[in-house]
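Chemist: Chains Z and C supply the protein sequences, listed in that same order.
Residue 173 in the UniProt record's numbering sits at position 173 of the first sequence, and the numbers go up by one each step.
Residue 132 in the UniProt record's numbering sits at position 132 of the second sequence, and the numbers go up by one each step.
Okay, here's the structure, questions in a sec.
There are 2 protein chains.
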Amino acid sequence: MTTAPRTEPLYAQVRTALIERMASGSLRPGQVLPSEFALAEELNVSQGTVRKALDTLVADNLVQRRQGRGTFVAEHTQERALFHFFRMEGIGGMPAIPQTLTEEITQRAAPARIATRLGIDKSADVVLIRRTRTLLGKPATFEDIYVPHALLPIRATDGPLPNALYTHYQSAHGLSVARAEDRLSAVQAPAKVVKALPQAEGQAMLLATRVAFDLTDRIIETRESYILTTDTAYAVTLR
Amino acid sequence: MTTAPRTEPLYAQVRTALIERMASGSLRPGQVLPSEFALAEELNVSQGTVRKALDTLVADNLVQRRQGRGTFVAEHTQERALFHFFRMEGIGGMPAIPQTLTEEITQRAAPARIATRLGIDKSADVVLIRRTRTLLGKPATFEDIYVPHALLPIRATDGPLPNALYTHYQSAHGLSVARAEDRLSAVQAPAKVVKALPQAEGQAMLLATRVAFDLTDRIIETRESYILTTDTAYAVTLR
DNA sequence: AAGTGGTCTAGACCACGGA
DNA sequence: CCGTGGTCTAGACCACTTA
Chain Z
1 MTTAPRTEPL YAQVRTALIE RMASGSLRPG QVLPSEFALA EELNVSQGTV
51 RKALDTLVAD NLVQRRQGRG TFVAEHTQER ALFHFFRMEG IGGMPAIPQT
101 LTEEITQRAA PARIATRLGI DKSADVVLIR RTRTLLGKPA TFEDIYVPHA
151 LLPIRATDGP LPNALYTHYQ SAHGLSVARA EDRLSAVQAP AKVVKALPQA
201 EGQAMLLATR VAFDLTDRII ETRESYILTT DTAYAVTLR
Chain C
1 MTTAPRTEPL YAQVRTALIE RMASGSLRPG QVLPSEFALA EELNVSQGTV
51 RKALDTLVAD NLVQRRQGRG TFVAEHTQER ALFHFFRMEG IGGMPAIPQT
101 LTEEITQRAA PARIATRLGI DKSADVVLIR RTRTLLGKPA TFEDIYVPHA
151 LLPIRATDGP LPNALYTHYQ SAHGLSVARA EDRLSAVQAP AKVVKALPQA
201 EGQAMLLATR VAFDLTDRII ETRESYILTT DTAYAVTLR
């Protein structure tokens, strides 16, 4: 009854082929792709078709083009990880760069709600990164970051982790965050947060619950970020 | 010293020409555009160039293509206004449809911070729409929506306004919201909110401060939405 | 059957970056 | 200078909608 599965357009096949190379590590972040003509010849399609495939990858922030130089696999540079995936802005709209204050790395069985959110077995191990950070110089965030130990076997001795965690996932474990889904709500600062961040006592906090996906749509992280928004705000543009 | 202003690519000129037609009202929401070939002939470019221009308009949600039928100026359908520009989701991720409880329309001189945000003169008149709404059946939001009276001369007798305000701007005043910028923070429910929404007393609330732009990047609205996020959350996807 | 957008090709020329 | 991506064209054929 369902319509027969149409053959995918060529440009979509080219896109998939390139994503597979990135996911498998044969094309690494920062590396230059073969030229459009080279890819076209190799994959037996026209240059225009390769171009269209690359257009979709550019739109998804998976590759970057540089005229005269080539097309490069997107890197989680400090800049991108901090401003693209962490959208806190000061009053004037200028980006607020976070600075880590405390960091604690532990390994444990996944709590039920975390296992569900990560889509892993309840008894599976996760690494918990608990940290506090400043925004605009003031202590302002408390984060519980959970990653499946099977995918990202981070150890306590790996710390201190870099300011932009996603660059670490990529450089140390070959996993790129391609997409993240945030759910934002407001809560009263809970006790565990106040313990680490005394200035949050009695304050309303922004709670950002995130699930992050890699190139192949595997869930590689979930985090619960509690943010004091006295001087900053989470910025979003809708089109 | 600055580099000479390059001539804009043809497809960008086509894009601009089409946006102008939409902004001037010669192409109205829901209306079908001339076919790609017709536009190509009319504007003296190739069909491929028109196509590229349309691609950018599709990417910005300004037009929609329907294979076999044509390309249409995007409408603020109920669906789009409610789910695209209002991203509250229930626990399971299902969209939460708001229902208006109370609505009050007044006209006044713009408060200083509102005038600044709207980019209008301090003595200029604004229309204030103050309303409370439910989410998932429970009273949950309080909004102060300010629009410049010069652009959107809404009167108290125009009420009750439709559930999706942006459809009203479009159908009654010919203004389309093309883009909105939200800044999210957490606050304790202020007195003015509690007065209208007693269940917010003592609660942390999500405050969404929005500035909305039309096709020509004019600011046509700013709003301050206070949202109780006990059952819902503001959802965002980052790429 | 006619008309629309969707895909794909082949080839031209331009603009930029690096050797 | 050469190779890269960026723009633009002309034309073919496919897929979908409507009449």
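We put the CB at the ideal spot given by N, CA and C, even for glycine.
#1: Using a Cβ-Cβ distance cut-off of 8 Å, determine whether Z:ILE19 contacts chain C.
#2: Taking beta-carbon pairs under 8 Å, can you tell me which members of the stretch 182-194 of chain Z lie near chain C?
#3: Suppose you measure from the CA of Z:VAL74 to the CA of Z:GLN31; what does that come to, to the nearest Å?
#4: Have a look at the DSSP bridge pairing and note the partners of C:LYS192.
#5: Quick one: Cα of Z:LEU197 to Cα of Z:GLY137, how far?
#6: In the DSSP assignment, find the unbroken beta strand (DSSP E) run with Z:PHE37 in it and report its ends.
#7: Where do the ends of the beta strand (DSSP E) carrying C:GLU221 lie?
#8: From the DSSP secondary-structure annotation, give me the bridge partner or partners of C:LYS138.
#9: Please work out which residues of its chain come closer than 7 Å, Cβ to Cβ, to C:ASP214, disregarding the five sequence neighbours upstream and downstream, and give them in chain order.
#10: Looking at C-beta atoms only, is the number of pairs between the stretch 35-49 of chain Z and the stretch 8-15 of chain Z that lie closer than 8 Å three or more?
#11: Check distances from the C-beta atoms of the UniProt domain "HTH gntR-type" (8-76) of chain Z to those of chain C and list, in chain order, the residues that come in under 8 Å.
#12: Please identify the residue among Z:GLN188, Z:TYR169, Z:ALA191 and Z:PHE142 whose C-alpha is closest to the C-alpha of Z:ILE224.
#13: On the criterion of 16 or more Cβ atoms from any shown chain inside 10 Å, does Z:ILE19 qualify as buried, or is it exposed?
#14: Would C:ILE145 and C:ILE129 be called neighbours here (beta carbons separated by less than 8 Å)?
#15: Hey, would you say Z:LEU57 sits closer than 8 Å to Z:ARG108, going by beta carbons?
#16: By alpha-carbon positions, which one of Z:VAL63, Z:GLY25 and Z:PHE83 ends up nearest to Z:ALA164?
#17: Any beta-carbon of chain Z closer than 8 Å to the one on C:MET94?
#18: From which residue to which residue does the beta strand (DSSP E) around Z:GLY48 run?
#19: Would you check if the distance between the CB atom of C:ARG87 and the CB atom of C:THR222 is smaller than 8 Å?
#20: Hey, does Z:HIS84 have any beta-carbon neighbour from chain C nearer than 8 Å?
#21: Under 8 Å: do the stretch 203-210 of chain Z and the stretch 185-192 of chain Z share three or more Cβ pairs, one atom per stretch?
#22: Tell me, please, whether the CB atom of C:TYR166 is closer than 8 Å to any CB atom in chain Z?
#23: Which term fits Z:ALA212, buried or exposed, when burial requires 16 or more other beta carbons within 10 angstroms of its beta carbon?
#24: Taking CB distances under 8 Å as the criterion, tell me whether Z:GLU224 reaches chain C.
#25: Just to confirm, is the Cβ distance from Z:ALA81 to Z:THR167 under 8 Å?
#26: By the criterion of Cβ-Cβ separation under 7 Å, what are the contact partners of Z:ARG133 in chain C?
#27: State yes or no: is the C-beta of Z:MET22 within less than 8 Å of the C-beta of Z:LEU62?
#28: From Z:GLU42 to Z:LEU33, what does the alpha carbon distance come to, in whole angstroms?
#29: What's the C-alpha gap between C:ALA235 and Z:GLU181?
#30: Anyone know if the C-beta pair for Z:THR100 and Z:PRO139 falls short of 8 Å?
#31: Looking only at C-alpha atoms, which of C:ALA124, C:SER35, C:ALA233 and C:PHE85 sits nearest to C:GLN67?
#32: Spatial neighbours of Z:THR3 within its chain, please: CB distance less than 6 Å, with the 5 preceding and 5 following residues excluded, ordered by chain position.
#33: Could you please tell me which residues of the stretch 106-121 of chain Z, in chain order, have their CB closer than 9 Å to any CB of chain C?
Modeler: Quick answer:
#1: As a first step, residue 19 of chain Z must be located in the first sequence, where it is residue number 19. By this cut-off, Z:ILE19 is not an interface position.
#2: ASP182, ARG183, LEU184, SER185, ALA186, VAL187 and GLN188
#3: Here residue 74 of chain Z corresponds to residue number 74 of the first sequence, with the count starting at 1. Here residue 31 of chain Z corresponds to residue number 31 of the first sequence, with the count starting at 1. Here residue 74 of chain Z turns out to be Ala, not Val, going by the sequence shown. Using only the alpha carbons, I get a separation of about 8 Å.
#4: Here residue 192 of chain C refers to the residue found at position 192 when the second sequence is read from its first residue. Partner(s): none; C:LYS192 has no beta bridge.
#5: As a first step, residue 197 of chain Z must be located in the first sequence, where it is residue number 197. As a first step, residue 137 of chain Z must be located in the first sequence, where it is residue number 137. Distance between Z:LEU197 and Z:GLY137, taken at the CA atoms: about 14 Å.
#6: Your numbering for residue 37 of chain Z matches position 37 in the first sequence. Segment 36-43 is the alpha helix (DSSP H) holding Z:PHE37; no beta strand (DSSP E) there.
#7: Position 221 of the second sequence, counted from the start, is the residue given in the question as residue 221 of chain C. Segment 219-227, the beta strand (DSSP E) holding C:GLU221.
#8: By 1-based counting over the second sequence, the position of residue 138 of chain C is 138. The beta-bridge partner set that DSSP reports for C:LYS138 consists of C:LEU135.
#9: Residue mapping note: residue 214 of chain C aligns to position 214 of the second sequence, counting from 1. Taken in chain order, the residues that qualify are LEU175, SER176, VAL177, ALA178 and ILE220.
#10: The count of Cβ pairs closer than 8 Å, one atom from the stretch 35-49 of chain Z and one from the stretch 8-15 of chain Z, reaches three, so the stretches are in contact.
#11: Result list: ALA59, ASP60 and ASN61.
#12: The sequence position of residue 224 of chain Z within the first sequence is 224, counting from 1. One point to set straight first is that residue 224 of chain Z is Glu, not Ile, in the sequence displayed. Minimum Cα distance to Z:GLU224 is reached at Z:PHE142.
#13: Translated into positions along the first sequence, residue 19 of chain Z becomes position 19. By the 10 Å Cβ count, Z:ILE19 comes out buried.
#14: Residue 145 of chain C sits at position 145 when you count from the first residue of the second sequence. Residue 129 of chain C sits at position 129 when you count from the first residue of the second sequence. Contact flag set, yes.
#15: On the first sequence, residue 57 of chain Z is found 57 positions in, with the first residue counted as 1. On the first sequence, residue 108 of chain Z is found 108 positions in, with the first residue counted as 1. For Z:LEU57 and Z:ARG108, no; Cβs fall outside 8 Å.
#16: As a first step, residue 164 of chain Z is located in the first sequence; it is residue number 164 there, counting from the start. The shortest C-alpha separation from Z:ALA164 is found at Z:PHE83.
#17: Sequence index remark: in the second sequence, residue 94 of chain C carries index 94 (1-based). It does not; no Cβ of chain Z falls within 8 Å.
#18: Within the first sequence, numbered from 1, the residue matching residue 48 of chain Z stands at position 48. Segment 47-59 is the alpha helix (DSSP H) holding Z:GLY48; no beta strand (DSSP E) there.
#19: As a first step, residue 87 of chain C is located in the second sequence; it is residue number 87 there, counting from the start. As a first step, residue 222 of chain C is located in the second sequence; it is residue number 222 there, counting from the start. Not a contact, by the Cβ cut-off of 8 Å.
#20: Numbered from its first residue, the first sequence carries residue 84 of chain Z at position 84. Yes, its Cβ sits closer than 8 Å to a Cβ of chain C.
#21: yes
#22: Residue mapping note: residue 166 of chain C aligns to position 166 of the second sequence, counting from 1. Chain Z, which has no Cβ nearer than 8 Å to the Cβ of C:TYR166, makes this no.
#23: Mapped onto the first sequence, residue 212 of chain Z falls at position 212. The residue in question, Z:ALA212, is buried, as its Cβ has 16 or more Cβ neighbours within 10 Å.
#24: For the purposes of this step, residue 224 of chain Z is taken as the residue at position 224 of the first sequence. Closer than 8 Å: no.
#25: Taking the first residue of the first sequence as position 1, residue 81 of chain Z is located at position 81. Taking the first residue of the first sequence as position 1, residue 167 of chain Z is located at position 167. Yes, these two residues count as a Cβ contact at 8 Å.
#26: The residue labelled residue 133 of chain Z in the question sits at position 133 within the first sequence. By Cβ distance, chain C contributes nothing, its closest Cβ being about 17 Å from Z:ARG133, past 7 Å.
#27: Here residue 22 of chain Z refers to the residue found at position 22 when the first sequence is read from its first residue. Here residue 62 of chain Z refers to the residue found at position 62 when the first sequence is read from its first residue. In this structure, Z:LEU62 lies closer than 8 Å to Z:MET22 by Cβ.
#28: Numbered from 1 along the first sequence, position 42 holds the residue referred to as residue 42 of chain Z. Numbered from 1 along the first sequence, position 33 holds the residue referred to as residue 33 of chain Z. Each residue's alpha carbon lies about 12 Å from the other.
#29: Sequence index remark: in the second sequence, residue 235 of chain C carries index 235 (1-based). Sequence index remark: in the first sequence, residue 181 of chain Z carries index 181 (1-based). Spanning the two alpha carbons is a distance of roughly 7 Å.
#30: Reading the first sequence from its first residue, position 100 is the one you call residue 100 of chain Z. Reading the first sequence from its first residue, position 139 is the one you call residue 139 of chain Z. No, Cβ-Cβ distance for Z:THR100 and Z:PRO139 is not below 8 Å.
#31: Reading the second sequence from its first residue, position 67 is the one you call residue 67 of chain C. The residue with the shortest Cα to Cα distance from C:GLN67 is C:SER35.
#32: Taking the first sequence and counting its residues from 1, the one referred to as residue 3 of chain Z is at position 3. Because Z:THR3 sits at a pLDDT of 39, beneath the cut-off of 50, its placement in the model cannot be relied upon, and the point is left open.
#33: Residues: none.
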